[in-house]
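Peer 1: Numbering follows the numbering used here, with no gaps: position 51 of the sequence shown is 102.
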Amino acid sequence: MTLRKGDKVRTGVTAILPHPGNAYRSRVPAALHVGNGFGKFIGTTQINELGELESPILLTCTLCVWKAADAMVEWMLAQPDMQEVRSLNVVVGETNDGRLNDIRARPITAAAVRTALESAKSGPVQEGSVGAGTGTTAFGWKAGIGTSSRKLPDSLGGFTVGVLVQANFGGVLQVAGAPVGRELDRYAFQNAVAARENTRGLADDRGDGSIIIVIATDAPLSDRNLQRLASRGMMGLGRTGSSASNGSGDYILAFSTAESVRRQFDAARLQTTELANEQMSAVFQASVDAVEESIYNALFMATTETGNGQTVEAIPLDQVRKVLKEHGVEVPVR
Numbered sequence: 052m053t054l055r056k057g058d059k060v061r062t063g064v065t066a067i068l069p070h071p072g073n074a075y076r077s078r079v080p081a082a083l084h085v086g087n088g089f090g091k092f093i094g095t096t097q098i099n100e101l102g103e104l105e106s107p108i109l110l111t112c113t114l115c116v117w118k119a120a121d122a123m124v125e126w127m128l129a130q131p132d133m134q135e136v137r138s139l140n141v142v143v144g145e146t147n148d149g150r151l152n153d154i155r156a157r158p159i160t161a162a163a164v165r166t167a168l169e170s171a172k173s174g175p176v177q178e179g180s181v182g183a184g185t186g187t188t189a190f191g192w193k194a195g196i197g198t199s200s201r202k203l204p205d206s207l208g209g210f211t212v213g214v215l216v217q218a219n220f221g222g223v224l225q226v227a228g229a230p231v232g233r234e235l236d237r238y239a240f241q242n243a244v245a246a247r248e249n250t251r252g253l254a255d256d257r258g259d260g261s262i263i264i265v266i267a268t269d270a271p272l273s274d275r276n277l278q279r280l281a282s283r284g285m286m287g288l289g290r291t292g293s294s295a296s297n298g299s300g301d302y303i304l305a306f307s308t309a310e311s312v313r314r315q316f317d318a319a320r321l322q323t324t325e326l327a328n329e330q331m332s333a334v335f336q337a338s339v340d341a342v343e344e345s346i347y348n349a350l351f352m353a354t355t356e357t358g359n360g361q362t363v364e365a366i367p368l369d370q371v372r373k374v375l376k377e378h379g380v381e382v383p384v385r
């Protein structure tokens with residue numbers, strides 16, 4: 052759900068439903084890895100305590116996480132078979148889009164959250180300046196929502212790993228190892244290194260910001276192996292040039308959609324069939340690659356945005372292609 056209102060509001064809500072059914076009654080195993088904990092991610096302590104997800108996942112702007120959580124509680128309680136529920140662990144993540152968005156207005160409403168939840172569907176996902184990525188930036192350029200996936204060959208299990216990111220962080224951009232940020236003269240600390248007056252704002256110059264990474268897989272994983280999978284997300288993030296700066300909230304939430312590890316909330320005993328530890332390496336590799344590519348897509352699919360009295364340019368794709376070619380990298384740029 053994308054919210055553009057007047058000259059100041061540039062934000063939105065992105066909803067991820069773990070499966071089409073009731074997320075509270077049919078729970079999926081889940082785990083969270085914190086790369087750098089400068090953030091306000093609601094519902095995560097219970098995830099790591101119990102190893103399961105019992106709600107959809109919402110992403111929005113920093114000062115709206117509590118409003119979004121309250122709205123999702125109302126929405127979930129109104130769903131069928133929820134009349135006796137007296138406790139809910141809703142999950143809401145955020146990044147700070149206050150550069151392009153009047154974040155102090157806290158513009159996200161319950162209606163916006165309902166729209167996001169009820170319009171979520173399977174299939175291709177809009178990327179760039181949409182939903183929770185409407186007002187976000189990365190590496191000094193406009194960013195947003197990015198996605199990617201990898202499907203393992205049958206010889207490695209045939210599993211799919213999908214990733215969605217809300218990119219809003221800094222660093223020194225690399226694309227497939229090519230020093231794009233340096234070549235395009237836009238990177239963290241450049242003003243301090245050059246001993247010149249800051250021209251792009253202190254936050255950008257320090258490389259601060261945040262990213263929420265959501266990894267979903269149909270591989271039947273325990274919450275313990277999902278914790279291991281989530282930790283690999285930092286490797287994909289690092290490939291792009293992030294250093295997880297002091298003011299960055301870097302969170303990776305991983306869950307499995309496999310029926311064989313699904314947990315019914317009222318079951319006295321659980322019998323699951325899960326992937327062995329020795330079969331995890333290919334899933335790890337797929338997640339690292341997909342996280343890296345999803346961040347590139349968040350940048351490459353974004354468009355120049357003006358809001359809250361500022362303009363953030365989209366990364367110039369023709370110049371990116373030129374840098375890649377000069378460094379011997381042949382990577383298709385959409």
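Think of the CB as a built atom: it goes at the ideal place given N, C-alpha and C, for glycine as much as any other residue. These numbers were taken from a predicted model, which means no experiment stands behind them.
What does DSSP give as the partner residue(s) for D301 in the beta ladder?
Peer 2: Per DSSP, N87 and I262.
Peer 1: Determine the DSSP secondary structure at F306, reduced to helix, strand or coil.
Peer 2: Strand at F306.
Peer 1: Of the residues V143, C112 and P71, which one's Cα is nearest the Cα of A309?
Peer 2: Ranking the options by Cα distance to A309, first place goes to P71.
Peer 1: With A183 and Q217 assumed to form a contact (beta carbons below 8 Å), what rounded beta-carbon distance in angstroms separates them?
Peer 2: Yes, they are in contact, since the Cβ atoms of A183 and Q217 sit about 5 Å apart, within 8 Å.
Peer 1: Looking only at its chain, what residues have a beta carbon closer than 6 Å to the beta carbon of A312, apart from the 5 residues adjacent to it on each side?
Peer 2: Note that residue 312 corresponds to Val in the displayed sequence, not to Ala. Within the same chain, V312 has close Cβ partners P80, P271, T323 and E325.
Peer 1: For A267, which residues of its own chain have a beta-carbon under 7 Å away from its beta-carbon, when the five flanking residues on both sides are left out?
Peer 2: Only G213, F306 and T308 meet the Cβ criterion.
Peer 1: Among L321, F220, L203 and F240, which one has its Cα closest to the Cα of Q336?
Peer 2: The shortest C-alpha separation from Q336 is found at L203.
Peer 1: Nearest-angstrom Cα distance between E125 and F89?
Peer 2: Roughly 28 Å separates the two Cα atoms.
Peer 1: Exposed or buried, G379, counting other C-beta atoms within 10 Å across all chains shown (16 or more means buried)?
Peer 2: Answer is exposed; the Cβ neighbour count stays below 16.
Peer 1: Tell whether a beta-carbon distance below 7 Å holds between I93 and K118.
Peer 2: Cβ distance not < 7 Å, so I93 and K118 don't count as in contact.
Peer 1: Which term fits S293, buried or exposed, when burial requires 16 or more other beta carbons within 10 angstroms of its beta carbon?
Peer 2: So S293 ends up on the buried side.
Peer 1: Quick check on the burial criterion: 16 or more other C-beta atoms within 10 angstroms. Buried or exposed for T111?
Peer 2: Per the 10 Å Cβ criterion, buried.
Peer 1: Output the distance between the C-alpha atoms of A388 and G144, rounded to the nearest integer angstrom.
Peer 2: Here the chain comprises residues numbered 52 to 385, so residue 388 is not present and cannot be evaluated.
Peer 1: Would you check if the distance between the CB atom of L109 and the CB atom of M123 is smaller than 7 Å?
Peer 2: Yes, Cβ-Cβ distance for L109 and M123 is below 7 Å.
Peer 1: At the level of alpha carbons, what is the spacing between V176 and R283?
Peer 2: One C-alpha to the other measures close to 23 Å.
Peer 1: Using beta-carbon positions only, say whether E356 and L151 come within less than 7 Å of one another.
Peer 2: It is a contact, given that the beta carbons lie within the stated cut-off.
Peer 1: Tell me whether A281 is buried or exposed, calling it buried when 16 or more other Cβ atoms sit within 10 Å of its Cβ.
Peer 2: The residue is buried, with at least 16 neighbouring Cβ atoms inside 10 Å.
Peer 1: For E381, which residues of its own chain have a beta-carbon under 8 Å away from its beta-carbon, when the five flanking residues on both sides are left out?
Peer 2: Closer than 8 Å at the Cβ level, and outside the excluded window around E381, lie L375.
Peer 1: If the criterion is Cβ atoms closer than 7 Å, does the pair A82 and D274 meet it?
Peer 2: Yes.
Peer 1: Quick one: Cα of G289 to Cα of D153, how far?
Peer 2: Spanning the two alpha carbons is a distance of roughly 30 Å.
Peer 1: Could you give the distance in angstroms between the alpha-carbon of T62 and the alpha-carbon of T185?
Peer 2: Cα-Cα distance, rounded: 5 Å.
Peer 1: What does a CB cutoff of less than 6 Å around G102 pick up in its chain, not counting 5 residues either side in sequence?
Peer 2: Excluding sequence neighbours, G102 sits near P80 and D274.
Peer 1: How should S138 be labelled, buried or exposed, when 16 other C-beta atoms within 10 angstroms of its C-beta is the threshold for buried?
Peer 2: Label assigned to S138: exposed.
Peer 1: May I ask you to check if the CB of A218 is nearer than 6 Å to at least one heavy atom of the ligand MG?
Peer 2: The ligand content of the structure shown is nil, which means the ligand MG is not present either.
Peer 1: What does DSSP give as the partner residues of R61 in its beta bridges?
Peer 2: According to DSSP, which records beta bridges pairwise, R61 is partnered with R55.
Peer 1: To which residues of the same chain is I366 closer than 6 Å at the C-beta, ignoring the five residues directly before and after it?
Peer 2: Cβ neighbours of I366 beyond the five flanking positions: W192 and L350.
Peer 1: Per DSSP, what kind of secondary structure is L203 in: helix, strand or coil?
Peer 2: Residue state, collapsed to three classes: coil.
Peer 1: Could you work out which residue in V371, E100, K91 and N140 is closest to V116 when comparing CA atoms only?
Peer 2: Out of V371, E100, K91 and N140, K91 has the C-alpha closest to the C-alpha of V116.
Peer 1: Hey, would you say G86 sits closer than 7 Å to D301, going by beta carbons?
Peer 2: Taking 7 Å as the Cβ cut-off, G86 and D301 qualify as a contacting pair.
Peer 1: Note the first and the last residue of the continuous alpha helix (DSSP H) segment covering A167.
Peer 2: Its alpha helix (DSSP H) spans residues A161 to S170.
Peer 1: Taking C-beta to C-beta, are V142 and S106 nearer than 7 Å?
Peer 2: In this structure, S106 lies closer than 7 Å to V142 by Cβ.
Peer 1: CB G287 to CB V342, shorter than 7 Å?
Peer 2: Going by C-beta atoms, G287 is nearer than 7 Å to V342.
Peer 1: Between which two residues does the alpha helix (DSSP H) containing N99 stretch?
Peer 2: N99 -> alpha helix (DSSP H) spans T95 to L101.
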